[in-house]
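Residue numbers (numbering that gives the first Met the number 0): 0 to 254.
For every residue, glycine included, the Cβ atom is placed at its ideal position computed from N, Cα and C.
Below is one structure, written out as C-alpha cells; comments come after it.
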Amino acid sequence: MSKILVWDLPVRLFHWTFAGSLSGALAIGFWVDDDSPLFQVHMLLGLVAAFALAGRLVLGVVGSRYNRFSSLPLAPGRVIAYFVGAFTGGAKRFIGHNPGTAVVSLAMFALVPLLIASGAGWLGGLGEELHEGFAIALLVAIGGHLAGLVWHTVRHREAIALSMVTGLKDGPEAEGLKSARPVWALAMLIGGGAWVAALFANHDTAAGTVKLPVLGTVVSLGENEGAEGGEENEGGAGKKVGVGKNGEHGEKDDD
Ligand code: HEM
Ligand code: HEM
0 MSKILVWDLP VRLFHWTFAG SLSGALAIGF WVDDDSPLFQ VHMLLGLVAA
50 FALAGRLVLG VVGSRYNRFS SLPLAPGRVI AYFVGAFTGG AKRFIGHNPG
100 TAVVSLAMFA LVPLLIASGA GWLGGLGEEL HEGFAIALLV AIGGHLAGLV
150 WHTVRHREAI ALSMVTGLKD GPEAEGLKSA RPVWALAMLI GGGAWVAALF
200 ANHDTAAGTV KLPVLGTVVS LGENEGAEGG EENEGGAGKK VGVGKNGEHG
250 EKDDD
C-alpha cells in the first residue's frame with residue numbers, strides 16, 4: 000500500500016465549493032434574522048451550491064474513475080453489508096467512495112434542489128415548512144458524513160479527512176488516477192468563478208432580487224425590508240419567483 004491519487008482537482012474544487020456554500024447558507028438560515036439584508040446572501044449561497052451540483056452531475060458522467068456515478072457502490076446488498084459491518088467492526092475498506100459516503104452524498108445532492116424549490120416557493124404554500132425540514136435533513140446528512148470520517152479515521156487508522164485536500168488515499172499503486180486533471184479544474188474555476196461573480200453582481204439588495212446569469216430568471220426573496228418595496232423591481236426580463244412572508248408563494252410575469 001502506498002499513497003495514490005483518488006480525488007482529482009475538479010472533484011476537490013466541487014467539494015469545497017459545495018461544503019462552503021451550504022455551510023454558509025445553513026449558518027445564515029438558522030442564525031441571521033430574516034429581516035436582515037445579510038439574509039439575502041443565504042439565498043445566493045444556496046444558488047452557488049446548486050450551480051456546483053450541476054457541475055458535479057457532469058463529472059458524474061464524464062469525470063475520472065472515482066467521480067463517476069457508475070463507480071458508486073450502491074447495490075442494496077453492499078450498502079446493508081457496509082452499515083452492518085460499520086457497527087460490528089467488519090466493514091471493508093474502499094479505494095473510492097464507500098457505500099456509506101455514496102448514500103450520504105446522494106442524499107445531499109437530492110436535498111439541494113428540494114431546498115431551492117421550497118426556498119423559492121415553487122412547492123406552494125407548504126414550501127416554508129418543507130424548507131426548514133429539508134435544511135434539518137441536510138444537517139443530519141452532514142453530521143453523518145463527518146461522523147463517518149471520524150469512524151473511518153479510528154477504524155482504519157488513516158487521516159482520511161486530508162484526502163479531500165491532497166487527493167491522496169492509501170491503496171495499491173495500480174488503482175491510482177494517472178492525472179489530477181488540472182486543465183479541467185482551471186476551466187471549472189474560470190467558468191464557475193465568472194458565473195458566481197455575475198450572480199453576486201446581478202444581486203439587487205434594495206429590491207431583494209437576483210437575476211440568474213445565463214438563465215435570465217429573476218429570483219426574489221420577499222422576506223426582508225428591502226423586498227417589501229420591491230413591486231417596482233428592475234430585475235430584468237424573465238420570470239420572477241417570489242416567496243411571501245406567510246408562506247404565500249407566488250409567481251408573476253415580469254412584463
Ligand atoms: C458542509 C460540509 C460538507 C459537505 C456538504 C460535504 C459534502 C461531501 C460530498 C457531497 C462528498 C462526496 C464527494 C463527491 O464525490 O462529489 C464528500 C466527500 C468527502 N468529504 Fe465532505 N462535505 C463536508 C465537509 C467535509 C469536511 C469538513 C471534510 C474534512 C475535513 C470533508 C472531507 C471529505 C472526504 C475525505 C470525502 C471523501 C470520502 C471518501 O473517501 O469516500 N468533508 N463530502
Ligand atoms: C440550498 C441551500 C439552502 C439551505 C441549506 C437553506 C437553509 C435554510 C434554513 C436553515 C433556514 C431557516 C429555517 C428556520 O429556522 O425557519 C432557511 C430559511 C429560509 N430560506 Fe433557505 N436554504 C437554502 C436555500 C434557499 C434559497 C435558494 C432560497 C430562496 C430562493 C431560500 C429561502 C429561504 C427563506 C425565504 C427562508 C425564511 C423562511 C422563514 O423562516 O420565514 N433558501 N433556509
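Exposure label - residue i; buried when at least 16 CB within 10 Å
{"i": "residue 199", "result": "exposed"}
{"i": "residue 10", "result": "buried"}
{"i": "residue 189", "result": "exposed"}
{"i": "residue 6", "result": "buried"}
{"i": "residue 155", "result": "exposed"}
{"i": "residue 229", "result": "For residue 229, the predicted model reports a pLDDT of 34, less than 50, meaning its position is unreliable; a value from the coordinates is still stated below. Buried, since its Cβ has 16 or more Cβ neighbours within 10 Å."}
{"i": "residue 20", "result": "buried"}
{"i": "residue 0", "result": "exposed"}
{"i": "residue 98", "result": "buried"}
{"i": "residue 160", "result": "exposed"}
{"i": "residue 50", "result": "buried"}
{"i": "residue 47", "result": "buried"}
{"i": "residue 114", "result": "buried"}
{"i": "residue 8", "result": "buried"}
{"i": "residue 13", "result": "buried"}
{"i": "residue 185", "result": "exposed"}
{"i": "residue 193", "result": "exposed"}
{"i": "residue 251", "result": "Here the model assigns residue 251 a pLDDT of 35, short of 50, so the residue's position is not dependable and the matter cannot be decided."}
{"i": "residue 238", "result": "Below a pLDDT of 50, predicted positions are generally treated as unreliable, and residue 238, at 40, falls in that range; the measurement from the model is reported next regardless. Exposed: under 16 other Cβ atoms inside 10 Å."}
{"i": "residue 165", "result": "exposed"}
{"i": "residue 219", "result": "buried"}
{"i": "residue 28", "result": "buried"}
{"i": "residue 91", "result": "exposed"}
Any non-hydrogen atom of ligand 2 closer than 7 Å to residue i Cβ
{"i": "residue 115", "result": "yes"}
{"i": "residue 211", "result": "no"}
{"i": "residue 195", "result": "no"}
{"i": "residue 111", "result": "yes"}
{"i": "residue 187", "result": "no"}
{"i": "residue 202", "result": "no"}
{"i": "residue 217", "result": "no"}
{"i": "residue 89", "result": "no"}
{"i": "residue 41", "result": "yes"}
Helix, strand or coil at residue i according to DSSP, with G and I counted as helix
{"i": "residue 139", "result": "helix"}
{"i": "residue 178", "result": "coil"}
{"i": "residue 208", "result": "strand"}
{"i": "residue 35", "result": "coil"}
{"i": "residue 63", "result": "coil"}
{"i": "residue 164", "result": "helix"}
{"i": "residue 4", "result": "strand"}
{"i": "residue 54", "result": "helix"}
{"i": "residue 223", "result": "Residue confidence is low: residue 223 scores 35 on pLDDT, short of 50, so the model does not pin down where it sits. Its coordinate-derived value is still stated next. Reduced to three states, the DSSP call for residue 223 is coil."}
{"i": "residue 170", "result": "strand"}
{"i": "residue 213", "result": "coil"}
{"i": "residue 9", "result": "helix"}
Cutoff 8 Å: residue i Cβ touching any chain C Cβ
{"i": "residue 142", "result": "No chain C appears in this structure, which consists of one protein chain only."}
Residue i: CB within 7 Å of a non-hydrogen atom of ligand 1
{"i": "residue 67", "result": "no"}
{"i": "residue 133", "result": "no"}
{"i": "residue 3", "result": "no"}
{"i": "residue 73", "result": "no"}
{"i": "residue 10", "result": "yes"}
{"i": "residue 155", "result": "no"}
{"i": "residue 14", "result": "yes"}
{"i": "residue 50", "result": "no"}
Closer than 7 Å: residue i CB and nearest ligand 3 heavy atom
{"i": "residue 29", "result": "Ligand 3 is not part of the structure shown, which contains ligand 1 and ligand 2 as its ligands."}
Distance between beta carbons of residue j and residue i, contact taken as under 8 Å
{"i": "residue 85", "j": "residue 150", "result": "7 Å"}
{"i": "residue 137", "j": "residue 110", "result": "5 Å"}
{"i": "residue 176", "j": "residue 4", "result": "4 Å"}
Hey, which unbroken runs of the beta strand (DSSP E) at 3 residues or more fall wholly within the region 75-118?
none
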